[in-house]
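S.K.: Right, I'll just put the structure down here and ask away after.
2 protein chains.
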Amino acid sequence: MDENPIRFGIIGCAQIARKVARAIGLAHNSTVYAVGSRSFEKAKKFALDNGLPDSVKIYGSYEEVLEDPYVDAVYMPLPTSLHVKWAILAATKKKHLLLEKPTALSTPELDQILEACRQNGVQFMDGTMWIHHPRTAKIKELLSATKLFGKLKSIHSTCTFYNETHDFLENNIRVKPDLDALGVLGDVGWYCIGAILWATNNQLPKNVTALPGPIRNEAGVLLACGGSLTWLAGEEKDEEEKVATFYCSFLSNVCMDLSIHGTHGTIHLKDHIIPCKESSASFEFTSGAHFTDLHLGWNVEPKKIEVVSQVPQETTMVQEFARLVGNIKITGSSPDDTWSQNSRNIQIVIDAINKSLDLGCKNVDL
Amino acid sequence: MDENPIRFGIIGCAQIARKVARAIGLAHNSTVYAVGSRSFEKAKKFALDNGLPDSVKIYGSYEEVLEDPYVDAVYMPLPTSLHVKWAILAATKKKHLLLEKPTALSTPELDQILEACRQNGVQFMDGTMWIHHPRTAKIKELLSATKLFGKLKSIHSTCTFYNETHDFLENNIRVKPDLDALGVLGDVGWYCIGAILWATNNQLPKNVTALPGPIRNEAGVLLACGGSLTWLAGEEKDEEEKVATFYCSFLSNVCMDLSIHGTHGTIHLKDHIIPCKESSASFEFTSGAHFTDLHLGWNVEPKKIEVVSQVPQETTMVQEFARLVGNIKITGSSPDDTWSQNSRNIQIVIDAINKSLDLGCKNVDL
């Protein structure tokens, strides 16, 4: 543990907060300093259930966490509809902000949050974990290897899990119109879109189309949907036309596929968002594949590449966030804008998919 | 070798004919009896290059093959634009027809061919090989296992290979408007659509949409494109809403992905059309996956299932075709209509994708 770890206040005791509280504890440069819930009892129970030390401050309101001068940063896993209010308040109180995804209900809402962060010089990062896994960096290395991968041509991402209970599909926080109106698109769809944009080095597509066949619950919240993204050839010679599709659902067996297709290489992941196990994660890479004589087989088979993970990916996320916060605290430097740009682009695509759905799956130009 | 093997006449000496000639030779119930090309020399060279026995009849025209009374069946790997003429003539001459895919330039054209087959009582089958691999049967078994796979929700298929040469992209037979006007959609797109329909037990989708971002060569022939297929919930309780997407391209590294998503199970193949090696092929199956406590990992990992292949899949195809032809010859039974229905449904979806492309990627109802 570092000498002066970043002190986190956790605002809200959602299920996901348990995982991130553990990650903050495992990170070398951060510590859980305070937990706040709408009731003192709930916050207390969260601390006990998650084995947090007795020294952790327990608060019966979110405000108290934000007022505590020793809190450097907040982790905020609140329902999306509450993000604008509490994220802006946190920024105003100079708390660095690790905000659970989806970051907001719409881009204009997110822009309010990001503006508050900018004005108050606080670091912003959303709670996407996979992007911090060392496997992700290894894949980006291969995607950049011109001879091995070539030019990026297409991407497909699927993120699904299954919850058969009527209660989940109608009443879970992720599908309640007043809490998380984006439904599956904001929940696991966030990862699909994020992965696609990540593979393109965060280039916004030229246009976005929702795919036919979305499924909604009785309240009209999305339970399953897909989308198509298109990039046109740029003026730069290496900017190729590219396409991507994704599919996200609360109605299918757990699946977290990402496949990335280049002229010379292909990448496949099957456990993209949450690796099957913590200690290491794999992907498959195929390069320079062609058919053998008479097309009886392939000259190469997809090659499995295993990447060891020293700490869980959410710990890497927390460490990176805490490192940026530490820089700002110590050197007075500006926040790193990369993370807010990433989140904003995902939010823009989500908005476009929703707009396309409203228009009966018409193409939406960005 | 059976005592009275089905005697094949090969009409046209395309590259793919080499593979199928070998398959006819390997099959226990068929033999290459004649080879016909537009020139005697080409046919002769084909026979020599492919080690066919001296007894094989060599013809300098397609007509002579069709006139030979000892030819039971023809394998026809001609350019698609020539299928109507020669397939109908073959049927009229009572030759059973193994027709290379795409079967025709459009459904009305295919219907003429199928009608000629029906009128003449000859067996029809298209040259799709993967569907005859024992792996395919094993997967269908799992797809039907309600507890393990559950209800089918979505499918994604990708079939690409890369040919960087300008000559291929502008002049290869597969991209010449007068020879194979369907381009990549009729070539590897045939497999994508076929796999999707196969997974749905050959149910035609309710509607079809081309995805934005198709790429064409200078002559306007498709080099890369995608599509989305949608099935609505049926009146039967187990007929669920389903969606599928596909992507096919001549501009990306070899990739033959098929993923099938059910409520309880997921199937993944990476070498769906041409298995990496002949002797066996694998796929991955995940059933009943959920996240472990705190969502730190999965309770199960995708399980690799290997299926041994006694003979190459194209040999199984030839054997099945020859078996059906043998039944007709010996018992005078009617041709098996399953194969023509399969091909026709694929052709209908190809037509719908083309129509959608013509309409600027509008949704096309079937």
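Protein chains in written order, with full-length UniProt numbering: chain A, 1 to 366; chain B, 1 to 366.
By construction, the Cβ of each residue, glycine as well, lies at the ideal position given by its N, Cα and C atoms.
(1) Have a look at B:T200 and B:K151 and give me their C-alpha separation to the nearest angstrom.
(2) Compare the C-beta of A:W231 against all C-beta atoms of chain B and say whether one is closer than 9 Å.
(3) Between B:I10, B:T31 and B:E100, which has its C-alpha nearest B:E63's C-alpha?
(4) Measure the beta-carbon distance from A:S340 to A:F124 and round it to whole angstroms, keeping in mind my assumption that it falls under 8 Å.
(5) Rounded to the nearest angstrom, what separates A:T315 and A:E240 at their Cα positions?
(6) Ends of the alpha helix (DSSP H) at B:A117?
(7) Jot down the residue ranges of each uninterrupted alpha helix (DSSP H) in the stretch 179 to 228 of chain A, minimum 4 residues, whole runs only, in chain order.
(8) Identify the residues that DSSP records as bridge partners of B:I155: which are they?
(9) Determine the extent of the beta strand (DSSP E) in which B:T266 is found, giving its start and end residues.
(10) So what does B:L251 bridge to, in DSSP terms?
(11) Going along the chain, which residues of the stretch 263 to 276 of chain A sit with their C-beta nearer than 9 Å to a C-beta in chain B?
(12) Return yes when the Cβ of B:P275 is within less than 9 Å of the Cβ of B:R135, no when it is not.
(13) A:N207 touches chain B at which residues, Cβ-Cβ below 9 Å?
(14) Which bits of chain B does A:C361 rub up against, with CB to CB less than 8 Å?
(15) For A:A116 and B:S144, I'd like the C-alpha separation in whole angstroms.
(16) Hey, does B:I16 have any beta-carbon neighbour from chain A nearer than 9 Å?
(17) Can B:I58 and B:A73 be called in contact, C-beta distance under 9 Å?
(18) Taking A:A91 as the reference, which of A:S61, A:A23 and A:V71 has the closest Cα?
(19) Is the Cβ of B:S55 closer than 9 Å to any Cβ of chain A?
(20) Bridge partners of A:G36, per DSSP?
(21) Listing by chain order, which chain A residues have their CB less than 9 Å from the CB of B:G220?
(22) Based on DSSP bridge pairs, tell me the residues matched to A:M125.
(23) Please specify which runs of the beta strand (DSSP E), each continuous and at least 3 residues long, are wholly inside the stretch 292 to 325 of chain A, giving them in chain order.
(24) In chain A, which residues lie less than 9 Å from B:F291 when you measure between Cβ atoms?
(25) If we ignore side chains and look at the alpha-carbon of each, how far apart do A:Q319 and A:F161 end up?
(26) Bridge partners of A:S280, per DSSP?
(27) Inspect the CB distances between the stretch 324 to 336 of chain A and the stretch 264 to 279 of chain B and report whether three or more fall short of 8 Å.
(28) Anything in chain A within Cβ reach of B:K19, meaning under 9 Å, just list it in chain order.
(29) Label B:R38 either buried or exposed according to how many other C-beta atoms from any shown protein chain fall within 10 Å of its C-beta, with 16 as the threshold for buried.
(30) Residues of chain A with CB closer than 8 Å to the CB of B:S356, please, in chain order.
(31) Considering Cα atoms alone, identify which of B:W298, B:L142 and B:G213 is closest to B:G360.
(32) Is the stretch 206 to 223 of chain B touching the stretch 204 to 213 of chain A in the sense that three or more CB pairs, one from each, lie closer than 8 Å?
(33) The stretch 59 to 78 of chain A: which residues have C-beta closer than 7 Å to a C-beta of chain B, in chain order?
(34) By the criterion of Cβ-Cβ separation under 8 Å, what are the contact partners of A:E115 in chain B?
(35) Given this structure, state the Cα-to-Cα distance separating A:N345 from A:I193, to the nearest angstrom.
(36) With distances taken between CB atoms, is the gap from B:L347 to B:T103 smaller than 9 Å?
M.R.: According to the structure shown:
(1) 11 Å
(2) yes
(3) B:I10
(4) 5 Å
(5) 36 Å
(6) It is worth fixing the name first, because residue 117 of chain B is Cys in this sequence and not Ala. Note, B:C117: alpha helix (DSSP H), T107 to N120.
(7) 183 to 186 and 188 to 199
(8) B:A244 and B:I260
(9) G265 to L269
(10) Looking at the DSSP assignment, B:L251 forms a beta bridge with B:Y162.
(11) T263, H264, G265, T266, H268, K270, D271, I274, P275 and C276
(12) yes
(13) P212 and G213
(14) T209 and N363
(15) If I take the Cα positions, the gap works out to 54 Å.
(16) yes
(17) no
(18) A:V71
(19) no
(20) Residue pairing from DSSP places A:G36 in a beta bridge opposite A:I11 and A:Y59.
(21) Those within 9 Å of B:G220 in chain A number zero; the least Cβ separation is about 16 Å.
(22) According to DSSP, A:M125 bridges with A:L98.
(23) Listed in chain order, the complete beta strand (DSSP E) runs (minimum 3 residues) inside the stretch 292 to 325 of chain A are 303 to 308.
(24) F161, V254 and I274
(25) 28 Å
(26) A:V308
(27) no
(28) Under the 9 Å cutoff, chain A gives L294, H295 and L296.
(29) Exposed, by the Cβ-count rule.
(30) Those within 8 Å of B:S356 in chain A number zero; the least Cβ separation is about 11 Å.
(31) B:G213
(32) Judged by Cβ distances under 8 Å, the stretch 204 to 213 of chain A makes contact with the stretch 206 to 223 of chain B, as three or more pairs qualify.
(33) none
(34) None at all; the shortest Cβ gap to chain B is about 32 Å.
(35) 9 Å
(36) It should be noted that the sequence gives Gln, not Leu, for residue 347 of chain B. Yes, they are a contact pair.
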